[in-house]
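Working notes, beginning with the structure itself.
Residue numbers (the working numbering): 1288 to 1397.
Below, the structure written as structure tokens:
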């Protein structure tokens, strides 16, 4: 379970293949905040998130603020049903710029 990043131009396409919970949020925050400082834009693919709790939501909100502080853009793409449910329940889908498209569309991995 991990965070994987593909770099295209000044955009980081991050695949989150782990849970976003109190047990992993601090560990993931270090990498995500470093990438937020490195790239103009981050796209997080949330399709493989196995579980999300309030610490995971808090991490997404903090990351959104950090990216905005760096004058960049954060987009959450392809959230699975569990993530969508939580973000909808908390009315955060629009604030966190959630989209259904794949984060790797049109991206060359070679």
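By construction, the Cβ of each residue, glycine as well, lies at the ideal position given by its N, Cα and C atoms.
Query raised in the report: What residues in its chain sit with their C-beta under 8 Å from that of residue 1392, if we drop five residues either side in the sequence?
Result: Taking the first residue of the chain shown as position 1, residue 1392 is located at position 105. With a pLDDT of only 44 at residue 1392, under the threshold of 50, the placement of this residue in the model should not be trusted; the figure read from the coordinates follows. If we look at residue 1392 and ignore the five residues flanking it on each side, it has no Cβ neighbours.
Report task. Measure the CB-CB distance between residue 1332 and residue 1303 and report whether it falls below 8 Å. Result -> Reading the chain shown from its first residue, position 45 is the one you call residue 1332. Reading the chain shown from its first residue, position 16 is the one you call residue 1303. Yes, the Cβ-Cβ distance between residue 1332 and residue 1303 is below 8 Å.
Query raised in the report: Going by C-alpha distance, which of 1338, 1291, 1360 is nearest residue 1324?
Result: Position 37 of the chain shown holds residue 1324. Comparing alpha-carbon positions, the option among 1338, 1291, 1360 lying closest to residue 1324 turns out to be 1360.
Query raised in the report: Roughly how many angstroms separate the alpha carbons of residue 1366 and residue 1344, rounded to a whole number?
Result: Within the chain shown, numbered from 1, the residue matching residue 1366 stands at position 79. Within the chain shown, numbered from 1, the residue matching residue 1344 stands at position 57. Between residue 1366 and residue 1344, the alpha-carbon positions lie close to 13 Å from each other.
Query raised in the report: Do the CB positions of residue 1385 and residue 1363 come within less than 8 Å of each other?
Result: The sequence position of residue 1385 within the chain shown is 98, counting from 1. The sequence position of residue 1363 within the chain shown is 76, counting from 1. Yes, the Cβ-Cβ distance between residue 1385 and residue 1363 is below 8 Å.
Query raised in the report: Skipping 5 residues on each side, what residues in its chain have a beta carbon closer than 7 Å to that of residue 1346?
Result: On the chain shown, position 59 is the one that residue 1346 refers to. Result list for residue 1346: 1307, 1312, 1315, 1316, in chain order.
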